[in-house]
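*Asks:* The sequence shown: position 39 = 39 (full-length UniProt numbering), numbered continuously.
Where a beta carbon is used, it is the ideal one built from N, C-alpha and C, also for glycine.
This one's a predicted model, so the numbers in the text were calculated from it and none came from an experiment.
Okay, here's the structure, questions in a sec.
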Amino acid sequence: MTLEGRPESVDLLVVLDDSSLGRIDEVNGAIARLTRSLATGDRDGDERRDVPALPLRVAVVTSHLGAAGHDVPSCTDGRFGASGDDGAPRPGDPSCGGSSPVITFEPGDDADAFVDAVRCAARVGTSGCGWEQPLEAALKALAPTPDAADLVHPRVPPLFREGTGHGFAEYEPFTYPPVLAVVIVTDEDDCSVEDVSLFDPAAYDGEPLETRCRDHRDALYSIARYVEGEHGETGLLGLRWSPDDVFVAALVGAPLDALEPDGGGGYDAVLAHERMQLVADPTQPSRVLPSCSGSGITALPPRRIVEALDALDDARVPTFLRSICAPDLEPSFDALGDALGDRILGARCSRAIIAGCVVEEVLPEGMTCDALPGRTRRTIEDGRQVCQLARVSYGSGAPGWALVDAFCPPEASAIELEIVSPPGADYRVACPDSLAPDGGTCFE
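Structure (structure tokens):
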């Protein structure tokens with residue numbers, strides 16, 4: 001638990017290419033490793049908690065949105081017919097026991113069972129639609145349902161060709177929403193189609209279907225749809241009150257020599273790289289030249305996905321980019337976990353607390369400080385006892401409160417309550433009068 005209404009949990013959406021994605025088993029294992037790190041707080045795999053564990057909700061969707069009813073090979077057998085898998089969170093594969101479409105974890109739950117459920121949901125196979133639409137799939141998975149749109153966030157939800165959003169980004173009214181993290185994994189570019197005649201073999205003068213995404217970019221949804229939104233409808237930015245509470249990552253076919261070491265920014269240079277251009281392969285004109293290859297994979301230039309990251313980055317959304325062609329994917333997912341973990345902890349950091357200030361707990365009526373460990377009664381307000389919590393070392397297991405400054409900027413602090421919080425209790429940071437005699441703040 002943290003103070004000042006900061007984010008205390010994470011909603012993680014994983015968007016997977018289910019169309020002949022190379023290294024799918026390696027990707028599946030890396031996703032399991034990522035979710036274990038977030039669930040346990042063990043960043044380096046030494047079975048010791050390095051950072052606070054947080055509640056998690058995880059959903060997996062595929063990039064398969066069908067072909068609007070047209071007879072396109074591999075695009076007719078989705079879970080929702082003409083809409084493919086429709087951006088709907090998918091239950092786990094029956095071969096591994098299945099799982100709920102939305103997999104939840106609370107600190108103290110069985111982390112192994114949680115990770116197994118995520119691994120099962122991420123078993124998407126490789127027979128999905130060859131027209132990958134990961135940006136549209138992500139938006140449809142996240143967008144609020146019409147009934148919840150006004151209740152959760154006063155924005156107009158995006159319209160879709162069929163149906164409505166699946167509401168994964170919804171949160172309880174009057175609460176600070178979870179950090180929303182989106183991870184896209186594909187070895188091709190995004191082809192989120194607005195003009196569905198693009199799927200019609202007879203349209204576009206009978207041009208080969210394989211070249212249409214490359215040659216008719218104006219038939220695709222604009223990148224703005226997935227950032228700030230368009231036509232008065234919300235994009236990813238509208239799903240949270242602050243861009244700081246959204247995190248978008250992509251493991252795609254970016255050239256290895258074009259990437260920033262920390263996985264962020266530098267998108268203009270990536271987009272300008274010679275292998276990121278859509279150049280027809282002279283040996284197979286229906287395809288473009290690959291942007292990278294290696295470890296059993298050949299990837300195509302992910303221009304639209306990088307353009308989306310670039311636009312999100314300009315809007316102050318934290319973003320992350322790594323290459324699906326890296327020799328080993330584990331370091332990429334570990335770096336992703338670190339970046340996301342730092343983002344979450346950053347959201348939990350407030351201004352640095354002045355030495356000598358204390359954390360107080362205002363108990364519900366009828367409860368007493370003496371009956372609870374780690375508390376000392378200070379006063380009574382409106383019939384409710386006010387306890388001073390003991391200050392303890394982070395990770396000690398002793399009841400009280402601890403600072404987690406090691407993971408905050410130098411000028412900030414995060415507070416972790418190492419207690420069982422009674423329902424209805426309130427918390428605040430308080431200063432002795434000697435430190436703030438004029439009623440000033442406890443924060444530097």
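Could you check what DSSP says for Ser295 in three-state terms: helix, strand or coil?
*Replies:* Ser295 falls in the coil class under three-state DSSP.
*Asks:* Answer with buried or exposed for residue 474, where buried requires no fewer than 16 other C-beta atoms within 10 angstroms of its C-beta.
*Replies:* Here the chain covers residues 1 to 444 and nothing more, so residue 474 does not appear.
*Asks:* Just verifying my parser: in three-state terms, what is the DSSP assignment at Ala122?
*Replies:* Correct three-state label for Ala122: coil.
*Asks:* Our contact map puts Leu38 next to Gly341 with C-beta atoms below 8 Å; I'd like the distance itself, whole angstroms only.
*Replies:* Leu38 to Gly341, Cβ: 7 Å. Contact.
*Asks:* By the 10 Å Cβ neighbour count, where 16 or more other Cβ atoms means buried, how is Gln277 classified, buried or exposed?
*Replies:* With fewer than 16 Cβ atoms within 10 Å of its Cβ, Gln277 is classed as exposed.
*Asks:* Taking its Cβ as the centre, do 16 or more other Cβ atoms sit within 10 Å of Gly374, making it buried, or is it exposed?
*Replies:* It counts as buried.
*Asks:* Hey, quick one: how far does the beta strand (DSSP E) through Val51 stretch, first residue to last?
*Replies:* Per DSSP, Val51 belongs to no beta strand (DSSP E) and is neither H nor E.
*Asks:* Terminal residues of the continuous alpha helix (DSSP H) containing residue 446?
*Replies:* No answer is possible for residue 446: it lies beyond the span of the chain, which begins at 1 and ends at 444.
*Asks:* Assign Val420 to one of two classes, buried (16 or more other C-beta atoms within 10 Å of its C-beta) or exposed (fewer than that).
*Replies:* Exposed, since its Cβ has fewer than 16 Cβ neighbours within 10 Å.
*Asks:* Alpha carbon to alpha carbon, what distance is there between Asn28 and Tyr204?
*Replies:* Their backbone Cα atoms lie some 38 Å apart in a straight line.
*Asks:* With a Cβ-Cβ cutoff of 8 Å, do Arg90 and Val61 count as a contact?
*Replies:* Yes, they are a contact pair.
*Asks:* Quick one, are the C-beta atoms of Val424 and Leu34 less than 8 Å apart?
*Replies:* What sits at residue 424 in the sequence shown is Gly, not Val. No, Cβ-Cβ distance for Gly424 and Leu34 is not below 8 Å.
*Asks:* Across the region 179-192 and the region 9-26, are there enough close Cβ pairs to call them in contact, namely three or more that are closer than 8 Å?
*Replies:* The region 179-192 is in contact with the region 9-26.
*Asks:* Please report how far the alpha carbon of Pro399 lies from the alpha carbon of Ala269, in whole angstroms.
*Replies:* So the two alpha carbons sit approximately 50 Å from each other.
*Asks:* Taking the C-alpha atoms as reference points, what is the distance between Asp314 and Gly238?
*Replies:* Answer to the nearest angstrom: the Cα atoms are 15 Å apart.
*Asks:* Within a Cβ cutoff of 6 Å, which residues of the same chain sit near Leu198, ignoring the five residues on either side of it in sequence?
*Replies:* Cβ within range, chain order: Arg212, Ala219.
*Asks:* Measure the alpha-carbon distance for Gly92 versus Gly66 and round it to whole angstroms.
*Replies:* For Gly92 and Gly66, the distance between alpha carbons rounds to 20 Å.
*Asks:* Whose CA, out of Leu142, Ser295, Pro282, Ala272, lies closest to the CA of Val227?
*Replies:* Closest option to Val227, Cα to Cα, is Leu142.
*Asks:* Does DSSP put Phe160 in a helix, a strand or coil?
*Replies:* Looking at Phe160 - three-state DSSP - the assignment turns out to be coil, as it is neither helix nor strand.
*Asks:* Determine the direct distance from the alpha carbon of Ala117 to that of Ser100, and round the result to whole angstroms.
*Replies:* Taking the straight line from one Cα to the other gives about 8 Å.
*Asks:* I need the DSSP call for Gly87, collapsed to helix, strand or coil.
*Replies:* Note: Gly87 maps to coil in three-state DSSP.
*Asks:* Is the number of C-beta pairs between the region 104-119 and the region 231-250 that are closer than 8 Å three or more?
*Replies:* With a cut-off of 8 Å, the region 231-250 and the region 104-119 do not count as touching, because too few Cβ pairs lie within range.
*Asks:* Note down the Cα distance separating Leu417 from Gly41, rounded to an integer number of angstroms.
*Replies:* Their backbone Cα atoms lie some 15 Å apart in a straight line.
*Asks:* Would you call the region 314-328 and the region 241-259 in contact, with 3 or more CB pairs under 8 Å?
*Replies:* As far as the Cβ criterion goes, the region 314-328 touches the region 241-259, which means the pair count is three or higher.
*Asks:* Report the three-state DSSP secondary structure of Ser323 (helix, strand or coil).
*Replies:* If DSSP states are grouped into helix, strand and coil, Ser323 belongs with the strands.
*Asks:* Which runs of the alpha helix (DSSP H), 4 residues or longer, sit entirely within the region 254-287?
*Replies:* Listed in chain order, the complete alpha helix (DSSP H) runs (minimum 4 residues) inside the region 254-287 are 267-272.
*Asks:* When the Cα atoms are used, what is the spatial distance from Glu132 to Ser192?
*Replies:* Roughly 7 Å between the two C-alpha positions.
*Asks:* Short of 8 Å in beta carbon distance, which residues of its chain neighbour His70, apart from the five on each side in sequence? Order them along the chain.
*Replies:* Result list for His70: Val196, Phe199, Asp200, Pro201, in chain order.
*Asks:* How many Å lie between Arg49 and Ala111 at the Cα?
*Replies:* Each residue's alpha carbon lies about 13 Å from the other.
*Asks:* So, at 6 Å on beta carbons, what are the nonlocal neighbours of Asp11 in its own chain, with the 5 sequence-adjacent residues on each side left out?
*Replies:* Closer than 6 Å at Cβ, skipping near neighbours: Arg57, Pro178, Leu180.
*Asks:* Might you give, ordered along the chain, the residues of its own chain that have their beta carbon closer than 6 Å to the beta carbon of Gly266, omitting 5 neighbours on each side?
*Replies:* Once the five neighbours on either side are set aside, the close Cβ partners of Gly266 are Glu260.
*Asks:* When the distance is taken between beta carbons, is Ser74 closer than 8 Å to Ser127?
*Replies:* In contact: Ser127 and Ser74 (Cβ atoms closer than 8 Å).
*Asks:* Is the beta carbon of Val362 less than 8 Å from the beta carbon of Trp401?
*Replies:* In this structure, Trp401 does not lie closer than 8 Å to Val362 by Cβ.
*Asks:* Inspect the beta-carbon positions of Leu135 and Pro158 and report whether they are closer than 8 Å.
*Replies:* No, the Cβ-Cβ distance between Leu135 and Pro158 is not below 8 Å.
*Asks:* With 16 as the cutoff for other CB atoms within 10 Å, does Gln388 come out buried or exposed?
*Replies:* Burial call: buried.
*Asks:* Assuming Cys129 and His64 are in contact, meaning their beta carbons sit under 8 Å apart, how far apart are those beta carbons, in whole angstroms?
*Replies:* Confirmed, Cβ separation roughly 4 Å.
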